[in-house]
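First the structure, in the form of structure tokens, and then the observations on it.
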Amino acid sequence: MIIDEIGGLFAVFDGVGGSAAAEIASQTAAHSTRQAWKRIMTRDRHRRKIYTFLEDCNKRDLCKILEDLILESDEQVRTSGAQRAGTDDLATTVALATFCRQPGSHEYTMVYAHVGDSRVYLLRGNERIKRLTSDDGLLTKLVENQIVNEYHAFRIDQAMRADQLSEVEYNYFRLRGGITQALGGPIPPAIHTNKASIRPGDRILLCTDGIHDNLTDEEIEDILRTSPRPSASRILVESALQRSREDRSQTIRSKPDDMSAIVMTCRF
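Residue numbers (my numbering): 1 to 268.
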């Protein structure tokens with residue numbers, strides 16, 4: 001996980017498979033990303049030792065910068081990470097975000113990127129929570145191939161009980177956690193980047209699948225909306241952990257997993 005309030009970079013990583021090699025993959029990617037970002041930001045300040053987030057969104061192509069960060073991390077996982085782990089069978093997902101000011105306004109731009117099934121969410125005012133990323137997984141592929149539509153895929157993904165789904169849908173649900181790409185794979189990943197305007201009062205969540213597999217989007221929204229700002233991420237993790245321990249007869253969502261969450265609030 002990266003929480004760099006000075007440099008303005010935030011990220012979650014989730015090693016694939018839950019093994020020791022998975023932990024090395026996520027650690028390697030996080031270290032590489034942190035070091036590369038600091039190098040870029042320091043260089044951006046004309047080699048002075050000033051390290052802070054960008055004041056002006058027009059100064060750099062942040063989508064390209066985040067893409068380069070992830071590609072460099074991917075390379076590090078496949079090389080130094082594999083050497084540390086003693087195997088080339090290691091991988092990690094990532095979701096990261098940075099911010100810059102919109103000149104002459106009280107708004108910011110969030111630039112974000114992801115690979116795998118770690119997600120970025122936005123909660124604004126009285127609007128429903130918005131998922132800004134699409135998982136690299138089975139349900140996304142089913143939508144792309146027009147086997148199911150987006151509404152159908154969302155309903156499958158948010159199910160709490162098996163009786164809410166048909167047999168085919170339940171099989172899709174069980175397989176929805178399989179991802180189609182990650183950092184450290186045999187080929188460089190296709191990196192998803194995008195931007196969103198951020199206003200005062202907005203809440204942004206970066207989380208791994210241990211959070212959103214156990215909790216529905218509605219439950220995540222309720223926690224973000226009702227939790228005190230300093231404790232929202234902790235409550236998300238505690239709620240997901242509690243769900244993961246529930247018997248499968250209570251809910252089909254329960255899934256033991258690593259859980260990481262970063263919650264940010266735009267205050268001014």
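From the three backbone atoms N, C-alpha and C, an ideal C-beta is built for every residue, glycine too.
Rounded to whole angstroms, the Cβ separation of arginine 43 and isoleucine 2 is 19 Å, and the two are not in contact under 8 Å. Counting along the chain, cysteine 63 sits inside no beta strand (DSSP E); it lies in the alpha helix (DSSP H) bounded by residues 62 to 76.
Between isoleucine 223 and aspartate 136, the alpha-carbon positions lie close to 25 Å from each other. Annotation for isoleucine 223: the continuous alpha helix (DSSP H) segment containing it runs 217 to 226. As computed with DSSP, tyrosine 108 is found in a beta bridge with Arg101, Ile198. If the five residues before and after arginine 131 are omitted, its C-beta is found closer than 7 Å to the C-beta atoms of Arg119, Tyr121, Asp217, all from its own chain and listed in chain order. In the three-state scheme derived from DSSP, where H, G and I count as helix and E and B as strand, arginine 267 is classed as coil. Taking C-beta separations shorter than 8 Å and ignoring five residues to either side along the sequence, the partners of leucine 215 in its chain run Ile223, Leu236, Ser239, Ala240, Arg243, Arg253, following chain order. According to the DSSP assignment, isoleucine 147 belongs to no beta strand (DSSP E), since it is labelled neither H nor E. Looking from the CA of arginine 248, the closest CA among Ser26, Ala159, Ser80 belongs to Ala159. Excluding residues up to 5 positions away in sequence, Ala21 lie with their Cβ nearer than 7 Å to the Cβ of aspartate 89 in the same chain.
For threonine 79, the number of other beta carbons within 10 angstroms of its own is below 16, and it is reported as exposed. For lysine 141, the closest of Glu75, Val94, Leu175 by C-alpha to C-alpha distance is Leu175.
By the Cβ-count criterion, valine 168 is exposed, with fewer than 16 other Cβ atoms from all chains shown falling within 10 Å of its own Cβ. The continuous alpha helix (DSSP H) containing leucine 236 extends over residues 232 to 244. Scanning Cys100, Asp117, Glu107, Gly81 for the CA closest to the CA of isoleucine 211 turns up Asp117.
By the neighbour-count criterion, in which a residue is buried when 16 or more other Cβ atoms sit within 10 angstroms of its Cβ, proline 189 is buried. Between the alpha carbons of threonine 98 and tyrosine 172 lies a distance of about 33 Å. Closest in C-alpha terms to glutamate 221, from the list Asp61, Cys57, Leu123, Phe10, comes Leu123. Taking a 10 Å sphere around the C-beta of glutamine 76, we find 16 or more other C-beta atoms and assign the residue as buried. Assigned with DSSP and collapsed to three states, aspartate 14 falls in strand.
C-alpha of proline 103 to C-alpha of arginine 60: approximately 14 Å in a straight line. About 14 Å separates the beta carbon of alanine 11 from that of leucine 71, a gap too long to meet the 8 Å contact definition. Contact between aspartate 209 and glycine 177 holds: their C-beta atoms lie close to 6 Å from each other, under 8 Å. Rounded to the nearest angstrom, the gap between the Cα atoms of lysine 255 and serine 105 is 43 Å. Taking C-beta separations shorter than 7 Å and ignoring five residues to either side along the sequence, the partners of alanine 232 in its chain run Ile223, Leu224, Val263, following chain order.
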